[in-house]
Amino acid sequence: MIKSRIIPSLLIKNNRCVKGVNFSNHIDVGNPISSAKIYEAQGADELMIINILPTNFNAQFIDTIKTMSYECYMPLTVGGGIKTIENMKNLFRNGADRIILNQTAINNPKIIESSSIEFGSQAIVISIDYSYGKDMKPYVIDRSADQKKLDPIEWAIYCEKMGAGEIIFTCVDNEGQKKGMDLEFIRKLSTMVNLPIVPSGGVGKLSDIFEVLNIDKINAVGIGSILNFSDQSVIKIHSYLHQKGVNVRNI
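At position 83 of the sequence shown the residue is numbered 83 (the working numbering), and the sequence of numbers has no breaks.
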């Protein structure tokens, strides 16, 4: 049986960890290396590291990933500002285990196929940020000039066909709100997308994690605010889920 993964996320801005609400109003929440070591010690199954300043895909960010890989043994899944195969090679050389593509995949869908051929599907993760429009339908957030109105499920299915190995779905309307996840949409996702899905955005209490992991085919969850702005920890989350009968890794 597949064990459920608890995946903290680190948002990196100018080499500091930040957290906000609805992807805005970020505040400083610590040093990325120290945060990674804490999550590793607490038993995190994986770590997502997102560079939220795409123009800052520079030596400092690469050095941060390299140091994390020396300090930590958990898998590092890294995204933000990755535009080329060479960017990916640079990250893999410096300790990344998997790569996250978001806006670059929207701008240039062929890079999904070329990167999965180059590195293997298991190494390529697509991150889909979505939000609800005035018509109450979900749309992929496209930060390009033409702002395509992509359906998140159709986009995920296309990414799967192009060779992606996993999809992160983040409901931006819920992100940082700590009011629960977009369960209805996640249930729909689980019936239509064959790839492993990592829901993210909205976790505010332990029961939110339990609820999403009870959805068929959902075996991972991305978390942020619950670790930064409450007394919860990865250890407490694992213990709670174990008591609830969820198949998590023993710490």
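Ideal Cβ positions, reconstructed from N, Cα and C, are used throughout, including at glycine.
Buried or exposed for residue i, please, with buried defined as at least 16 other CB atoms from any protein chain shown within 10 angstroms of its CB.
i, result
"residue 41", "exposed"
"residue 59", "exposed"
"residue 104", "buried"
"residue 232", "buried"
"residue 218", "buried"
"residue 117", "exposed"
"residue 226", "buried"
"residue 252", "The chain is shown only over 1 to 251; residue 252 falls outside these bounds and no answer can be derived."
"residue 192", "exposed"
Can you tell me whether DSSP reads residue i as helix, strand or coil?
i, result
"residue 107", "helix"
"residue 229", "coil"
"residue 152", "helix"
"residue 332", "Given that the chain is displayed from residue 1 to residue 251, the structure contains no residue 332 and the question cannot be resolved."
"residue 28", "strand"
Using only the alpha-carbon positions, how far apart do residue i and residue j sit?
i, j, result
"residue 188", "residue 249", "27 Å"
"residue 84", "residue 239", "40 Å"
"residue 128", "residue 115", "17 Å"
"residue 208", "residue 216", "15 Å"
"residue 77", "residue 38", "17 Å"
"residue 211", "residue 168", "17 Å"
"residue 8", "residue 134", "31 Å"
"residue 111", "residue 99", "12 Å"
"residue 32", "residue 244", "31 Å"
"residue 108", "residue 90", "20 Å"
"residue 12", "residue 87", "17 Å"
"residue 184", "residue 2", "23 Å"
"residue 228", "residue 19", "8 Å"
"residue 162", "residue 106", "12 Å"
"residue 82", "residue 153", "23 Å"
Taking the continuous beta strand (DSSP E) assigned at residue i, which residues delimit it?
i, result
"residue 12", "5 to 13"
"residue 198", "197 to 200"
"residue 51", "47 to 51"
"residue 73", "Taken as a continuous stretch (DSSP letters only), residue 73 belongs to no beta strand (DSSP E), as it is neither H nor E."
"residue 127", "124 to 132"
"residue 221", "220 to 223"
"residue 186", "From DSSP, residue 186 is part of no beta strand (DSSP E) but of the alpha helix (DSSP H) over 183 to 192."
"residue 166", "166 to 171"
Quick test of your reading: residue i and residue j, contact by CB under 8 Å. State the CB separation rounded to the nearest angstrom.
i, j, result
"residue 213", "residue 234", "Their Cβ separation, rounded to whole angstroms, is 14 Å, which puts residue 213 and residue 234 out of contact at 8 Å."
"residue 202", "residue 171", "6 Å"
"residue 15", "residue 64", "6 Å"
"residue 200", "residue 173", "Rounded, the Cβ-Cβ distance is 12 Å, inconsistent with contact."
Taking 8 Å as the CB-CB cut-off, is residue i touching chain D?
i, result
"residue 40", "This model lacks chain D altogether; it includes just one protein chain."
Looking at the unbroken alpha helix (DSSP H) that takes in residue i, where does it start and where does it end?
i, result
"residue 140", "Taken as a continuous stretch (DSSP letters only), residue 140 belongs to no alpha helix (DSSP H), being part of the beta strand (DSSP E) at 138 to 140."
"residue 86", "85 to 93"
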